[in-house]
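Keeping their order, the protein sequence lines are chains A and B.
Throughout, our numbering is defined as the position within the first sequence, counted from one, plus 508.
Throughout, our numbering is defined as the position within the second sequence, counted from one, plus 179.
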Amino acid sequence: MAIRSAALAEAETTADLVDGPSRLWRRLLHSPLTCAGLIVTLVFLVLAVIGPWIAPYDPSTVSNSATAAPSFAHWLGTTQNGQDVFSQMLYGARASMLVGFGSAVVTTVLSVLVGVTAGYLGGTGDELLSLLANVFLVLPSLPLTIILAAYLPHSGSLGVILVISVTGWAWGARVLRAQTLSLRKRDFVEAARATGEKTSRIIRKDILPNQVAVIAASFLGTVTAAILTQASLAFLGLTDVTQWSWGTILYWAQVSSALLTGAWWWFIPAGLAIALVGTALSLVNFGIDEFINPRLRQAGIGTKKAQRAQVRRRWTRRVKYRRPTGARPATVPFTVDSTDVVLDVRNLRVEYVNGTARTPAVNDVSFTLRRGEVLGIAGESGSGKSTLAYAITRLHKPPAEISQGEIVYTGPDGSAVDVLSMPDEQLRGFRWEELSIVFQSAMHALNPIMRVGEQIEDVIRAHRPGLSVQQRAARIVELLGIVGIPADRAGSYPHELSGGMRQRAMIAIGLALDPEIIVMDEPTTALDVVIQRQIVEKIMELKDKLGFSVIFITHDLSLLIELSDTIAVMYGGKIVEMAAADDFYQRPRHPYSRGLLASFPTLGGPKRELTGIVGSPPDLRRLPTGCSFRPRCPVAFDDCSTVEPALYQLHAPDSGPSEAACLLYAEGAQQELAMGEVK
Amino acid sequence: MRTLLRKFGFYVLTAWVAISLNFLIPRIMPGDPADNLINQFHGKLSPSAVKALRVLFGQSDTSLWQQYLNYWHSVFTGDFGISYAYYPSSVGTVIGQSMYWTLILITSCTVIGFVVGTGLGMLAGWKRGSWVDSLVPVTTFLSSIPYFWFAIIIVLVFAITLNWFPLSGGYSVDQTIGFNSGFIASALYYAVLPAVTIVITSLGGWLIGMRNMMVTTLSEDYVRLAEAKGLSRRRIMYSYAARNAMLPSLSGFAMSLGFVIGGSIVTEVVFNYPGLGTVLFKAAQAADYPLMSAIFLLITILVLVANLLADIAYAFLDPRTRES
């Protein structure tokens, strides 16, 4: 589950609604609060059913012990007329629960009928039904209920149920309609429609099972509302006051000024029972909410736990980070032999913690980024590349935790600092000033309700408090100009820009403070090919002009080969190969890299036969022993299942230095290297 | 602007449905409320009162369509006839005396409840998993308590036992109603307990909604980007997370408002507060149909106006809704 929710947190989150009722139950029974809610609800339901049989007295029988305090004979005391309150509560439970669950059943049936019909039919029928639902939603229900009840006095539970259902169906219908609408567009429903299945069958088999959680939530919500409404009506004397319900008990207690005369036992139990049932049902509903929306299970970022960014604190290397004072030194173009390291990541390990289980998503990763270099990180989804990108900036969220390693940043003035041991305030100053990030989807990464200009301005204001309004405005215009956005677009909201323009706006934000490093996490994945090209060219042009270093993360290897100086390939949380881009393309070392390169055509170069990699990415929770690529490796041999390969240094005469984590290159296995390449 | 116009059109339509419903209910309900009322008064009603009653609750001698037109006429002229519970005051007078109490009480309680509940919800979501989050079960319990039950206990503790606040009513009887400091101070003093009841019991709904949206919003990319930008926590919490998270609360305003108003009506009865809730209760007890239907109409219109205001606020806060 940890990996699952972590993956959801890292990647685009989509509510996993396509899960059956059985998963819902398992989820609900998992949380103690939800369990407590379920148990309390069940207890009250059982009492409602057997109440009249186990009640010690007839609730209406008058006795001599008037307004007696709770005693062994009368557990909850007696009323003014000597009636047993406990028996009244038991009888009342039946009426209250009957109204609650009865109304919920009728209301839910109405909601499902209207909601699913509207959502499935679409068109005019949908518009009319939604309009009707919206109208009923706005009508104030309790006044309406009171009026209807006043016209139907002494109508008993059935009348109350009808009145509550008529006024209460709209909310559920609206939610279900929206749900059905989105489900109808899902592939499996489309497929069922295409194969000519009957509408009723599609709704029964494909649509309704996927709405169980939503229907249950609306059902339980209605139970609470109906019990409360019934109690209010009874309390006001607008129902049959001779029929025992919790509301009726309160009515008689109030009429006889129970509390004023000190007979608290007469008044307290009914209210508490209503509140208990309501709370219990809400707790179950919270469980359902968390099932529908997995994000609700994560810890907030304001907690101490999250604030620490889950770094195991070590204070060994406390070099104070200082803000750059002057302009950055003039940039020198990057060369392969450069030793000017700007970011040094050493033995970084990021684990997802779930109770006692720790699953490494980034496992002992080391690399260096040199000033002006473009480092490309490639890998399939689940290879840990995004987790790595977030960990570098300590943006990973619980349950992810950095358990080991260091990330040393060296400023242009030569001062080095460990990012992982920075206190919060210092980290805040470091972020964006030295290292900025361009996210995968600008659509999601830009705040939808803030103007683009303002989103650039706030980062300038946070880091350069000295600048005047005019200076900030000038900088915004300059930045937008750099990425090719007209200056008047600063006042636009993200949704008013095209996809490419949004991504360029993201880059403008990334450049706002002229950082040393920009991490680009699949910055072009969501764009079409033409725009993709424009953006990549823009990035490269800016890199040459401004001299920042880039960590470029993508699964698009051909793009990476084209723009990177160095390429690192990740597999199962580890870097399995690292080499200069040219060498990598000419002579991939790791069998996985060869597989990757063979699985797509490159833009230039000779024609090759395309082959894929058999199998699927490894499950990080159950990595195979030895080399994690072994099950999919075409050249695996016996040792591969027992020996975990380290990253071996390779020095071939005809290419630069490279590293590969494969036993083929282990000491003494260099002969086999030749064999491997022949294959 | 177009969106707002469409919204406005929707509310006009809803008002029409509510008013027509009001016309229909007495006519489709079993029994003849007009005859019942006339019989109750044993011929003591003036002919004009009888006529008004017939217009509102069905005449046997004219067509339904004609009745509907007459009904609309009385809606626009505000002529709802004579109140029977407050005989011989007219419905208009009774409502005129009580509506401001309710309007002020409920408006301020809704605003306070929304602000406090949403604020706490924001913190609970921001610090999900910490002690603030444990507020959630507590407020859930509070919002599951019947309003009136809580109100009575509040009265017992603060008005009867501690004697800090008055037992019931809207103002001290020795004050004259008007814009003078004595009356206003007294009205505020009398409003404390009803207001506290409504705010405390309605808080939970706002809180849980905002908390859940806040937690959901916190995992949005734009919040992570705001963190990556090194903005202050305050800025991230308010401008990035909370401003986005509160939008659904506003669009779900209608539903929540319905609950608050429903609860406040019963609360008013407990406090014998001179507002619409108490009047509606008395009207329902006395089967005063003219008064009931007029109050229902008024409450509906007020709810519609409140929702329109919420929609305007929404359009102001969310640029995406401003254009079609």
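Glycine is no exception: its CB is placed at the ideal position from the N, C-alpha and C atoms.
Candidates the options: closest to residue i by CA position
i, options, result
"A/VAL570", "A/ALA953, A/ALA576, A/GLY590", "A/GLY590"
"A/ARG531", "A/GLY1103, A/ALA742, A/ILE796, A/LYS1046", "A/ILE796"
"A/GLY610", "A/LEU618, A/THR549, A/ILE669", "A/ILE669"
"A/GLY576", "A/VAL1122, A/THR587, A/ILE885, A/CYS543", "A small correction: the amino acid at residue 576 of chain A is Ala; Gly does not occupy that position in the sequence shown. Comparing Cα positions, the closest option is A/THR587."
"A/ASP1127", "A/VAL749, A/VAL613, A/ALA761, A/SER891", "A/SER891"
"A/LEU851", "A/PHE644, A/ILE735, A/VAL1027, A/LYS1051", "A/VAL1027"
"B/TYR265", "B/TYR468, B/ALA330, B/PHE189, B/ARG233", "B/TYR468"
"A/ALA686", "A/LYS706, A/ILE710, A/ILE672, A/ILE715", "A/ILE715"
"A/HIS971", "A/ASP1022, A/GLY961, A/THR730", "A/ASP1022"
"A/ALA788", "A/GLY922, A/PRO1096, A/THR542", "A/THR542"
"B/ARG413", "A/GLU1045, A/GLY1007, A/ASP966", "A/ASP966"
"A/SER790", "A/ASN855, A/ILE562, A/PHE727, A/VAL620", "A/PHE727"
"A/LEU954", "A/ILE1017, A/ALA603, A/MET930", "A/ILE1017"
"A/ALA886", "A/VAL1084, A/CYS1148, A/GLY937", "A/VAL1084"
"A/PHE799", "A/LEU1104, A/GLY1164, A/HIS538, A/LEU656", "A/HIS538"
CB contact below 8 Å: residue i versus chain B
i, result
"A/VAL671", "no"
"A/LEU650", "yes"
"A/TRP773", "no"
"A/ARG939", "yes"
"A/PRO956", "yes"
"A/THR730", "no"
"A/ASN862", "no"
"A/PHE1060", "no"
"A/VAL967", "yes"
"A/ILE1015", "no"
"A/ILE945", "yes"
"A/ALA1169", "no"
Burial state of residue i (16 or more Cβ within 10 Å)
i, result
"A/GLU475", "Residue 475 of chain A lies beyond the stretch modelled for chain A, which goes from 509 to 1187, so this question has no answer here."
"B/ILE356", "exposed"
"A/PHE743", "buried"
"A/THR824", "Here A/THR824 scores only 45 on pLDDT, less than 50, and its place in the model should not be relied on; the value that follows carries that caveat. Looking at its Cβ environment, which holds fewer than 16 other Cβ atoms inside 10 Å, A/THR824 is exposed."
"A/ASP592", "buried"
"A/ARG939", "buried"
"A/VAL945", "Here residue 945 of chain A is Ile; the residue named in the question, Val, does not match the sequence. Its Cβ being crowded by 16 or more others within 10 Å, A/ILE945 is buried."
"A/ALA1153", "A quick correction: the sequence has Pro, not Ala, at residue 1153 of chain A. Looking at its Cβ environment, which holds 16 or more other Cβ atoms inside 10 Å, A/PRO1153 is buried."
"B/VAL290", "exposed"
"A/PRO540", "exposed"
"A/PRO648", "buried"
Continuous alpha helix (DSSP H) stretch holding residue i: start and end
i, result
"B/LYS186", "181 to 207"
"A/THR730", "720 to 743"
"B/ASN504", "A query on residue 504 of chain B cannot be resolved here, the shown segment of chain B reaching from 180 to 503 and no further."
"B/ALA405", "400 to 407"
"A/GLN687", "664 to 692"
"B/ASP490", "468 to 496"
Segment limits, beta strand (DSSP E) that includes residue i
i, result
"A/THR1188", "Lying outside 509 to 1187, the shown extent of chain A, residue 1188 of chain A is not represented and no answer is given."
"A/TYR1173", "Careful: A/TYR1173 lies outside any beta strand (DSSP E) and carries neither H nor E."
"A/PRO802", "Element bounds for A/PRO802: n/a, residue is neither H nor E."
"A/ILE903", "Sequence check: residue 903 of chain A is Leu here, not Ile. No beta strand (DSSP E) contains A/LEU903, which DSSP labels as neither H nor E."
Below-8 Å beta-carbon distance, residue i vs any chain A residue
i, result
"B/LYS408", "yes"
"B/SER411", "yes"
"B/GLU399", "yes"
"B/ILE274", "no"
"B/GLN464", "yes"
"B/THR500", "no"
"B/MET471", "yes"
"B/ALA421", "no"
"B/ASN342", "no"
"B/THR380", "no"
"B/ILE444", "yes"
"B/ASP490", "no"
Inside the stretch 1024 to 1090 of chain A only - beta strand (DSSP E) runs reaching at least 3 residues: 1025 to 1029, 1057 to 1062, 1074 to 1079, 1082 to 1088
Which ranges does the alpha helix (DSSP H) cover as unbroken runs of at least 4 residues, wholly within the stretch 317 to 363 of chain B, from first to last along the chain? 326 to 333
Sequence ranges, beta strand (DSSP E) only - wholly within the stretch 938 to 1017 of chain A, length at least 3: 943 to 946
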